[in-house]
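Just so you know, the sequences run in chain order A and B. Residues 1 to 514 (full-length UniProt numbering) are what the first sequence spells out, left to right. Residues 1 to 514 (full-length UniProt numbering) are what the second sequence spells out, left to right. The C-beta atom is built at its ideal place from N, Cα and C for all residues, glycine as well.
There are 2 protein chains.
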Amino acid sequence: MASALHKDYPPELSAEEEHYLLSNLKDWSIAHGLAVRPAPSFVQPSQDPSGVLATTAPVTLFPSLFPRVCFEEGLAIQTAYNELYSAIARDEEWLKGIVEELIHIDDFVGKLWETHLAVKKEGYVQNLSLGLFRSDYMVHTNSSSPASRPGLKQVEFNTIASSFGGLSTQVSALHRYLLTIDAYPSSTASIIKRDTLHQSNSASSLAKGLAAAHNAYESSRSGRPLCVLLVVQDPERNVFDQRHLEYALLEESGVRSFRLPFQQTLSHTRLESDRTLVYTPPNSRTDSYEVTTIYFRAGYSPDDYLNEQDWSARLYLEKSRAIKCPSVLTQLAGCKKVQQVLATPHSPHLKHFLSDDQVASRVLATFAPIYPLDKSEAGHEARNLAKDPASAARYVLKPQREGGGNNIYRKNIPPFLEKLPETHWPAYILMEMIEPPPLRNVILRNGDVQRGGVIGELGVYGVCLWRNGDGGDSGEVLQNWEAGYLLRTKGDQSEEGGVAAGFGAVDSCCVVDG
Amino acid sequence: MASALHKDYPPELSAEEEHYLLSNLKDWSIAHGLAVRPAPSFVQPSQDPSGVLATTAPVTLFPSLFPRVCFEEGLAIQTAYNELYSAIARDEEWLKGIVEELIHIDDFVGKLWETHLAVKKEGYVQNLSLGLFRSDYMVHTNSSSPASRPGLKQVEFNTIASSFGGLSTQVSALHRYLLTIDAYPSSTASIIKRDTLHQSNSASSLAKGLAAAHNAYESSRSGRPLCVLLVVQDPERNVFDQRHLEYALLEESGVRSFRLPFQQTLSHTRLESDRTLVYTPPNSRTDSYEVTTIYFRAGYSPDDYLNEQDWSARLYLEKSRAIKCPSVLTQLAGCKKVQQVLATPHSPHLKHFLSDDQVASRVLATFAPIYPLDKSEAGHEARNLAKDPASAARYVLKPQREGGGNNIYRKNIPPFLEKLPETHWPAYILMEMIEPPPLRNVILRNGDVQRGGVIGELGVYGVCLWRNGDGGDSGEVLQNWEAGYLLRTKGDQSEEGGVAAGFGAVDSCCVVDG
């Protein structure tokens, strides 16, 4: 990666080269829906009250370099990760142990767990679960051992609302298009090639996951037409990302889907006595659909729950016979405490869930050391590391709950902890910072072109459909496949990675050897 | 059309129905490139200097009703029209007679003719010509005989820069999508059906026309890679319409194309001694391409020629070995004087070009009576009709030259002619107004929803590749096919029809019987 070949990548562009690349990129992106609704800072809502304007999604002009061995390993182990998180979601007893450590410090985890318990009390009526997962990694280079090969280290594992599966298909197609039309200078000819650019098929592959759940659903034989329900935020700037999945679901599998803003759940759905979930589209109150699958693109963050009614809505959906993507337990399996427990050195948990030692060791190799901040021995060690500015400089402090934006980095950790009552410390985990290789790229965002050092984060999508067990039966995985990838690239000055939040760009991988 | 079944079409929508239809339409359109760059009145250029914003192209919410017999006839006779206009373009002597009547009153026609003569003097080196045509029609209902069946009447025949072939494929797909997702109320179920909505394949079919020319081009064996050159306006708000053709050309036929702003022609192209046209992309001055086909999406209006250098550029391109789409003679064949000469009652010309009587009579049936304003007998009659406000009310006065925006309607004709020196009158033709049936629709434009009476204009695309003759040889048609359709719908208060100019919307046909 740091070889002489790549240190000048991407090349400086002449004004004419940049004009050619950008004008083709801007047109292609809109013509192919690689787009977002503009941020309020770019277009004031009062200027476009009905919301018809769109703009190119933040994208990189060039595909970022990514070590081939890391890229291939990330794709190869996705089915093992699917199996792992499916097994965790099926092991309520084990999850209970995790959750009970958090329940008094993280309201959100507590509310999710209560939701599960309330449904359990009445009995679950749907034993299938769907996961559309995304495992996020960075390339780690050992700066104290520069000759060692780069490795893939997991940043987090998303079990709910894994985004950018729609746009990642489009951005990898964009970079291939730019290669085809010679928008990349000839100096890159030995790097950017058709066989080093990887087309992500995530939109189609994730849609096939939804179709698999839809088709596996046993209808109540109500005679109503069947549908998939997307529970969404409203408004949603990243709507085209979601729409590409909906269009693929309709075109490739003939499955109807509806978008339901989470806050409107109770107005437009009802549960029949057998807990069939019935959706009545507001535009046609005489029609109603039986919901086979609920695909949550909202509800992943406390911010989505404005009041108790929203929690009632979540409970209501969870109770239903529809297959949840994800179920509450699957969502809880994605909390960072789980990642920490798995990644704590010498943890026995990974082997508990992955019986094949070889598979388990490949997964283990992608963990960065993660420590609890609790009263365990590892927790004691972690507290010392976190309080000392010298050692804290190699770490990041992350809250257990989902969603970015709240991480505390390096030298900011000690003063942060100083202000935080110690009883709240276990709500955080301490993770060794991954040291990504120095890369450069050029990002187009809101019409501005920004050049500089970047950090790339590889997300690998996975589809997993499983049957939950009951008592002694631990259930079984019915469908399990890797479902394409995303590269998210952010300026290395920023330490957050959410593209929709304005910090990064969607990107694709140009794999390189060595 | 005026039957009870259709008088309530389209239905009034409830707020929920309109919200469902519009939100799905707005997302689908951007996700599929049914888009334009926003007008300066909507987004000021200073707000988006790099031009990354886009908006839904003006579209109708519903497909407009169109009589089946007229729709089918329009498609069926397109190959005859292709043959007709190809034959006209090949008959220089005949065209000369037309042009010589205009040359002293219409500078633009004069300059085009001079361009032809200049090339002729040196000798044409390319005997293939490509036409991507569009024949525009309105449905004509005879108000004095309401029981008679509606007929198709030609508005104009476009031989250069026929637009909306890219977006028409997308808008017909949009209306089918809206049907599929039940965005049309159930009251329309007997009208809007999969077999009454017609998918236009114009983007792919027109691109195949460009590929046919590209493949028919005999290379100079310079060893350079070959390309198609789009000569375009800059900036171009309707760029996605053109891009869809480029993408289809690349994806379906593997043919490279470049966009060259007309004003930059001389900077980036050169003619070799054998008049091979060489294009050097400004972004890569060491590469150069042999141009097989020049596709003009500029140069159709006097406004595109800012100075003598632009005419030099046109001459230069015309001289080249590249296949022109269209050649100057083909462009001249599209002038309204030709339409008038063909449509003057008892004109012998149509039979001259179409040897098959049956074919000629089907084409003839689509002509609305058109009169010259010259000193012929028909011209004398026309002058009387035009000067009298009572009779003028049934007519439109059109300039001979291409491009909309300059028509004079009905009662405005007499005062207009009064101010115009009589020597300039022959620059215009007088055409009986077509009386379209009363229709209603709803148009989305710049985020505004407008309801009301509309007029629909059917454009049928045609691809024709022919060999020009020489001396006694009259040449021959090599490829000839109908290439999809466009429906343009405008408010019936406006009397202009260009969607890009802000007056209308792209639409698709919902065919109805009777």
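If only uninterrupted alpha helix (DSSP H) runs of at least 4 residues are considered, those enclosed by the UniProt domain "Glutathione synthase substrate-binding" (227-333) of chain B are 239-253, 265-268, 308-319 and 328-333. Within its own chain, the residues whose Cβ lies closer than 7 Å to the Cβ of B:Val363, once the five positions on either side in sequence are excluded, are Ile77, Ala80, Tyr81, Leu84, Leu350 and Leu354, listed in chain order. Residue B:Glu435 holds the alpha-carbon nearest to the alpha-carbon of B:Gly151 among B:Glu435, B:Arg440, B:Glu476 and B:Arg488. Nearest in C-alpha terms to A:Ile443, of all of A:Tyr177, A:Gln154 and A:Val171, is A:Val171. The beta carbon of A:Ala212 lies closer than 6 Å to those of Leu465 and Gln479 in the same chain, with the five residues before and after it left out.
For A:Gly33, the closest Cβ of chain B is nearer than 9 Å. About 11 Å separates the beta carbon of A:Ser220 from that of A:Leu271, a gap too long to meet the 8 Å contact definition. Inclusion of A:Leu249 and A:Leu210 in the CB contact set at 9 Å is warranted, their separation being smaller than that value.
If you ignore the 5 residues before and after B:Phe71, its C-beta comes within less than 6 Å of the C-beta of Cys509 and Val511, all in its own chain and listed in chain order. Contact annotation, A:Leu430 with A:Ala386: C-beta distance approximately 5 Å; criterion of less than 8 Å satisfied. Contact between the region 313-329 of chain B and the region 108-124 of chain B is established, with three or more Cβ pairs separated by less than 8 Å. B:Arg243 reaches chain A at Asp27, Trp28 and Ala31, counting residues in chain order whose Cβ is nearer than 8 Å. When the five nearest sequence neighbours on each side are left out, the beta carbons in the same chain lying within less than 8 Å of the beta carbon of A:Leu260 are those of Leu229, Leu230, Val231, Val232, His268, Thr269 and Tyr279, in order along the chain.
Counting only runs of 4 or more residues that sit fully inside the region 348-425 of chain A, the alpha helix (DSSP H) segments are 349-353, 357-364, 377-387, 389-392 and 413-419, in chain order. 9 Å or more divides the Cβ of B:Tyr300 from the Cβ of B:Gln340. Taking C-alpha positions only, A:Phe296 is separated from A:Ala161 by approximately 6 Å. Against chain B, a Cβ distance below 8 Å from A:Ala54 picks out Ile30, Ala35, Leu53, Ala54 and Thr55. Look at B:Thr79 here: in three-state DSSP terms it is helix.
Beta-bridge partners assigned by DSSP to B:Val36: B:Thr55.
DSSP places A:Tyr85 within a helical segment (H, G or I) once states are collapsed to three. Judged by beta-carbon spacing, A:Phe164 lies within the 9 Å limit of A:Asp241, meaning their Cβ atoms are closer than that value.
The residue from B:Val239, B:Gly379 and B:Thr60 with its alpha-carbon nearest to that of B:Thr423 is B:Gly379.
Rounded to the nearest angstrom, the gap between the Cα atoms of B:Glu457 and B:Val239 is 22 Å. The beta carbon of A:Leu266 lies closer than 6 Å to those of Ala313 in the same chain, with the five residues before and after it left out. Taking a C-beta distance under 9 Å as the contact criterion, A:Thr292 and A:Leu226 qualify as a contact pair. In this structure B:Thr60 is in contact with B:Asp507, their Cβ atoms being roughly 4 Å apart against a cut-off of 8 Å. Along the region 261-287 of chain A, the positions whose C-beta sits under 9 Å from a C-beta of chain B are Pro281, Pro282, Asn283, Ser284, Arg285, Thr286 and Asp287, read in chain order.
A:Ser148 and B:Arg37 have their C-alpha atoms spaced approximately 50 Å apart. Where B:Leu197 is concerned, there is no enclosing alpha helix (DSSP H), because DSSP gives it neither an H nor an E. By the neighbour-count definition (other C-beta atoms within 10 Å, threshold 16), B:Asp27 is a buried residue.
The beta carbon of B:Ile181 sits closer than 7 Å to the beta carbons of Asn24 from its chain, once the five residues preceding and following it are set aside; these are given in chain order. Here A:Gly456 carries a strand assignment [DSSP, helix/strand/coil]. Going by C-alpha positions, B:Glu100 is about 14 Å away from B:Lys336.
Taking A:Ser474 as the centre and dropping the five residues before and after it, the same chain places the C-beta of Arg90 closer than 7 Å to its C-beta, in chain order.
By the CB criterion at 9 Å, B:Ala368 and B:His140 fall inside the cutoff.
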